[in-house]
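Written out below as structure tokens is the structure these notes cover.
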Amino acid sequence: MRNLILFLFAATLTIGCKDKSEKSQEKMESERIAEAQTEKPPQEWTVLFDGTSFDGWKEFQKDGVSDHWKIEDDAMVFHPPENRKDGEIHDLVTERKFTDFVLSLDWKISEGGNSGIMWGVKEDGDFDRPYHTGPEIQVLDNERHPDAKAGTTHQAGALYDMIAPSKDATKPVGEWNTMVITVDNGEKRGSVELNGEEITTFPVGGEMWDTMVSKSKFAGWDGFGKFVEGKIVLQDHGDKVSYRNIKIKEL
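So in UniProt numbering, spot 238 of the sequence shown is number 238, and the numbers just go up one at a time.
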């Protein structure tokens, strides 16, 4: 009789543990499904330039796009003024503002040319140049432009004057380069991929960003890198430059 009681007790305990285990697994599966359902869905690419018009773009602090920017062979091409007036700039800026994103585009620089891609640009009367607020990823002819000799933080793919690329991944002048720029304020991380290779990573925001800026030419600039949300800019640095296949994925 005693053995029978012990057997029934053990069987009841086993069944109870099994039920708890099954309920625990069911709960975990239910929580996993609920979590997956609340995750942010993957974002799609948004085309910023389709090769046919300047829709969604304008020049910095202007209403439209001047004749110095032209559409040629599905690319937006900047032709610098021959007789530039004092203070004349033709930086191209998105009409929309962006915060966290992956930006993909192709660029082609002229011989000895210089340009750049900025983000977080504030467009108002307090700042009369995009680079007063927007950090820049350098676009450059590394072989011929003097800026390349000023240090690796001025070469193509660099976070200008702050973080140098790990290598020169550019193609020869006259050929297209594909660049992917990621800015993620939530993760406090940014990166640059050039022609399929990640060549630059950098902090975004926080103490590491502040320390990095304090060691650059931008130290003490009131608005530089201060705006989490801002516009994207293609720089007029006085040289011919071309951009195409511009698209963005918001994070």
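From the three backbone atoms N, C-alpha and C, an ideal C-beta is built for every residue, glycine too.
Rounded distance between the beta-carbons of residue j and residue i, thought under 8 Å
i: K240; j: W176; result: The pair is not a contact, with the Cβ atoms about 14 Å apart (cut-off 8 Å).
i: D184; j: V213; result: That belief does not hold up - the Cβ atoms of D184 and V213 are roughly 18 Å apart, past 8 Å.
i: D236; j: H90; result: 4 Å
i: G230; j: W119; result: 6 Å
i: D74; j: N114; result: In fact, because the Cβ distance is near 23 Å, the residues do not count as touching under 8 Å.
Residue i versus residue j: straight-line alpha-carbon distance, rounded
i: F127; j: W221; result: 11 Å
i: K122; j: L92; result: 13 Å
i: H132; j: Q43; result: 30 Å
i: N245; j: T46; result: 11 Å
i: E111; j: D141; result: 6 Å
i: I71; j: D124; result: 27 Å
i: G64; j: V228; result: 25 Å
i: N83; j: D50; result: 31 Å
i: P81; j: G238; result: 8 Å
i: D55; j: V233; result: 14 Å
i: F101; j: G186; result: 11 Å
i: W57; j: R129; result: 17 Å
i: D210; j: F202; result: 12 Å
i: Q61; j: S242; result: 21 Å
i: T94; j: H145; result: 27 Å
i: E197; j: K249; result: 19 Å
6 Å Cβ shell around residue i - same chain, five flanking residues per side excluded
i: S104; result: V180, K247
i: P135; result: G225
i: D168; result: N142
i: Q138; result: G116, A156, A158, Y160
DSSP-derived helix/strand/coil call for residue i
i: V65; result: coil
i: A164; result: coil
i: residue 266; result: Residue 266 is absent from the structure shown; the chain starts at 1 and stops at 251.
i: E146; result: At residue 146 the sequence reads Pro, which differs from the Glu that was named. In the structure shown, P146 sits in a helix (DSSP, three-state: H, G or I).
i: P203; result: strand
i: D106; result: strand
i: D236; result: coil
i: W176; result: coil
i: T94; result: strand
i: D141; result: coil
i: E250; result: strand
i: T119; result: According to the sequence displayed, residue 119 carries Trp and not Thr. Three-state DSSP puts W119 in a strand.
i: W221; result: coil
Chain-order list of residues whose beta-carbon lies under 8 Å from that of residue i (same chain, five-residue window excluded)
i: P165; result: T152, Q155, A156, G157, A158, V192, L194, I199, T200
i: K171; result: N177, N195
i: K215; result: M162
i: H68; result: F78, H79, P80, P81, H90, D236
i: S66; result: E59, H90
Chain-order list of residues whose beta-carbon lies under 7 Å from that of residue i (same chain, five-residue window excluded)
i: K97; result: E229, G230, K231
i: Q37; result: Below a pLDDT of 50, predicted positions are generally treated as unreliable, and Q37, at 43, falls in that range; the measurement from the model is reported next regardless. Here the set comprises nothing.
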